[in-house]
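All the letters of the sequence shown, read from the start, carry residue numbers 5 to 194 under this note's numbering.
Every residue gets a Cβ at the ideal spot worked out from N, C-alpha and C, and that includes glycine.
Okay, so here's the structure we're looking at.
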Amino acid sequence: MSTATSPPVLLVIDLQQGLVEAPPENPRSTPNLIPNVEKLLKHWRSKAWPILHVQHDDIYDESNDISASYPQTFKIHASAAPIANEPVFIKNVGSAFVGPGLPAALEKLGKRPIVVMGMDGRECVNNSTRHGADLGYEIIVVWDACATYGMENLKGEPVDAETAHEMAMAMLASYASVENTEKVLELFQK
Numbered sequence: 005m006s007t008a009t010s011p012p013v014l015l016v017i018d019l020q021q022g023l024v025e026a027p028p029e030n031p032r033s034t035p036n037l038i039p040n041v042e043k044l045l046k047h048w049r050s051k052a053w054p055i056l057h058v059q060h061d062d063i064y065d066e067s068n069d070i071s072a073s074y075p076q077t078f079k080i081h082a083s084a085a086p087i088a089n090e091p092v093f094i095k096n097v098g099s100a101f102v103g104p105g106l107p108a109a110l111e112k113l114g115k116r117p118i119v120v121m122g123m124d125g126r127e128c129v130n131n132s133t134r135h136g137a138d139l140g141y142e143i144i145v146v147w148d149a150c151a152t153y154g155m156e157n158l159k160g161e162p163v164d165a166e167t168a169h170e171m172a173m174a175m176l177a178s179y180a181s182v183e184n185t186e187k188v189l190e191l192f193q194k
């Protein structure tokens, strides 16, 4: 786990209204997502540690309501709303590290651990975590401050959201430390 002397960056990925507020016919995982997100943000803000937000704008699929064309679902969820001095970087692909905004902000902050929370665990959280690790960052994923939607497996069989989330988080263990909210708060009490 982290031996860095600089405080960690909290990277908030795609906690947008249309993702956090799941439709009843397609529930997301992680029932405690919102309180855990709020705890982590409160802790980082109390320490004045860096918080960077990423917002997905799907410019490739007109039917996807996670785009600026759909303001109600595109907006950042109230539980994760940025406050002054917390930049928001717009991305159009799976990884938050593609494009100049986030990499430049991280370079300015200097090499330090990155704590990741957000959605969707098997998509943008997964892509961003792997990409960040490949770039040499120490990544800590807060599994209970991330959420995932269910999916179909390769046989066309349904995989419920909790199972999909557990598998997505387990896959990240090769690239990052995967911890729960309480453990992360304990690790970063400085």
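- Measuring C-alpha to C-alpha distances from serine 71 to each of Ile118, Val92, Gly114 and Gly22 identifies Gly22 as the nearest.
- Comparing C-alpha distances from cysteine 128 to each of Phe192, Thr77 and Gln20 shows the shortest one belongs to Gln20.
- Cβ contact annotation for asparagine 68 (same chain, cutoff 8 Å, sequence separation greater than five): Asp62, in chain order.
- Per DSSP, phenylalanine 93 is one residue of the beta strand (DSSP E) stretching across 92 to 95.
- Excluding the 5 residues flanking it on each side, asparagine 131 has same chain C-beta neighbours closer than 7 Å at Gly98 and Ser99, in chain order.
- For serine 181, the enclosing beta strand (DSSP E) starts and ends at 181 to 183.
- The beta carbons of tyrosine 179 and asparagine 30 sit about 27 Å from each other, so the pair does not count as a contact at 8 Å.
- Contact between isoleucine 143 and valine 163 does not hold, since the beta-carbon distance rounds to 25 Å and is not under 8 Å.
- DSSP lists Pro162 as the beta-bridge partner residues of glutamate 156.
- The continuous stretches of alpha helix (DSSP H) do not include leucine 139, and DSSP gives it neither H nor E.
- Rounded to whole angstroms, isoleucine 118 and proline 12 show a C-alpha spacing of 6 Å.
- Distance from the Cα of threonine 167 is smallest, within the candidate group Ile94, Val58, Val182 and Met155, for Met155.
- Secondary structure note for histidine 81: it is in no alpha helix (DSSP H), with a DSSP letter that is neither H nor E.
- At least 8 Å separates the beta-carbon of alanine 149 from that of leucine 15.
- Isoleucine 63 sits in coil when the DSSP states are folded into three classes, being neither helix nor strand.
- Contact between valine 58 and leucine 110 is absent: CB atoms are separated by about 12 Å, not below the 8 Å threshold.
- In the structure shown, glutamine 20 falls within a strand segment according to DSSP collapsed to helix, strand and coil.
- Look at glycine 122 here: in three-state DSSP terms it is strand.
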